[in-house]
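Counted from 1, the sequence shown has number 31 at position 35 by this note's numbering; the numbering is strictly sequential. Glycine included, every Cβ here is placed at the ideal spot set by N, Cα and C.
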Amino acid sequence: MACEGCKLCPRECGITREEFQGLCRCKNELEIASYNLHFGEEPPISGINGSGAIFFTGCNMSCVYCQNYPISQLKNAYRKISPIELADIMLSLQEKKAHNINLVTPSHFAHLICEAIDISKTKGLSIPIIYNTSSYDKSETIKYLKNYIDIYIADLKYSDNNLAKQLSGIENYFDVATNAILAMYNTKGLLKIKNGIAEQGVIVRHLILPGYLNNTKNVLKWIDDNIPSVHLSLMSQYFPAYKAFNYKNINRKLNFQEYNYVLSLLDTMQNIDGFIQDF
Ligand code: SF4
C-alpha cells in the first residue's frame, strides 16, 4: 500500500500527502490523540485488563454527529509519531497487560500502521490487533491486512447511500462498507472467544440514530441476510454532538419507544447474535 497520489481509501483524493492533507485531514505522517487501557468496549474486547486503544486523529468520513469530533474532525490536540514510536506504544500497552491493540479510526493510516506492526512483532508483540473502523475502507485494503489484523470492529452506519451523503458527506457508503465487511468476514470469520477474550473475527457495530429507525431496520436485515451468525454490537448511546444540532431528526437522544422497537426487530432476525447496549 502506498499513498503517493493517495488512493488509499475510497475517497481517492489523488493528492501527494507528503505535501498536502487529504479529505481525511492528514498528511503522510501518523498522528495520535491518545492511547490508554480502555474499558468501555464490548466485554470480550475490554475483558478485565482493558483494551489497548490507540486513537488516531483525522477521519475519512465527515459525520455531522461525530461522537469523537474533537479528535476526528477538529484535530484539537495530537502528536505526530513515527511507525517506530507507534510500535513502542503497542508494546507498552502489551506490557500493561492489555488484551489487545485497538486501532481506533485507522483507515487513513493503514499503510503506516502496517510498518509499525512489522516492527512491533520483531520486538515481541503477540496480542491480537483490532482494526476499529467506520468500514469506509477498500476491500483490497482489507485483503492486504489479512496478515496484520486479527479482529475487526466494523461499523455499519447506513443502509442508505443518500442518508450517508446527507449525514457523513459520503456518496457510496453502503456499497463500500458492505464490501469491506464481507472481505473482513471472508478473511477472519466469526468471532472466536477464548476464556472470555476475543482472539479473531468480526464484530459489526451499529449506532442507532434517532429518527432513522428504517435505516437501522435495513442495516439489521442486511447483516442477517449476508453474514450469518456474525456478532452484532448494537449501540444506543447516541447523543447530539458536533453539528447534529442543525439536523432535526438527530438533535436529540434515542427514546425508549425507539429502543424497544429496535429490540423487537432483533427478535425477528434469524442469525443475529451479540451485544446490545442497555438503554
Ligand atoms: S486516505 Fe486521506 S488522502 Fe488518501 S484517499 Fe483517503 S481521504 Fe484521501
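CB contact flag (residue i, residue j, <7 Å)
i, j, result
"F271", "S232", "no"
"S164", "D151", "no"
"H104", "C5", "yes"
"K139", "A106", "no"
"A240", "V60", "yes"
"Y154", "F170", "yes"
"N168", "N157", "yes"
"S225", "N267", "yes"
"G46", "F35", "yes"
"L99", "Y127", "yes"
Cβ shell of residue i (< 6 Å), same chain only, five flanking positions each side left out
i, result
"F235", "K249"
"Q63", "A237"
"K76", "E25 and E27"
"D133", "S103 and A176"
"Q69", "C62"
"H202", "L152, V215 and L230"
"P66", "N72"
Same chain, Cβ closer than 8 Å to residue i, five either side skipped, listed in chain order
i, result
"P124", "H95, N96, I97, D146, I147, A194, E195 and Q196"
"I85", "I28, Y31, I50 and I77"
"G185", "Q196, G197 and V198"
"I80", "A112 and I115"
Cβ neighbours of residue i in the same chain (closer than 7 Å, five flanking residues each side left out)
i, result
"E38", "I199, S229 and F271"
"M265", "L216 and D220"
"G54", "C20, R21, C22, E27, S68, K71 and H104"
"Y305", "Absent from the structure is residue 305, since the part of the chain shown begins at -3 and ends at 275."
Residue i: CB within 6 Å of a non-hydrogen atom of the ligand SF4
i, result
"G165", "no"
"R75", "no"
"G18", "yes"
"C59", "no"
"C110", "no"
"N56", "yes"
"S104", "A small correction: the amino acid at residue 104 is His; Ser does not occupy that position in the sequence shown. Because some heavy atom of the ligand SF4 lies under 6 Å away, the Cβ of H104 counts as near it: yes."
"L4", "yes"
DSSP three-state assignment for residue i, whether helix, strand or coil
i, result
"L163", "helix"
"K153", "coil"
"F194", "According to the sequence as given, residue 194 is Ala; it is not Phe. It is a strand residue."
"N128", "strand"
"E8", "coil"
"K213", "helix"
"D220", "helix"
"K287", "Because the chain is modelled from -3 through 275, residue 287 falls outside the range shown and cannot be assessed."
"Y86", "For the record, residue 86 in the displayed sequence is Met; it is not Tyr. Residue state, collapsed to three classes: helix."
Any non-hydrogen atom of the ligand FMN within 6 Å of residue i CB
i, result
"R7", "Absence of the ligand FMN from the depicted structure is noted, with the ligand SF4 being the only ligands included."
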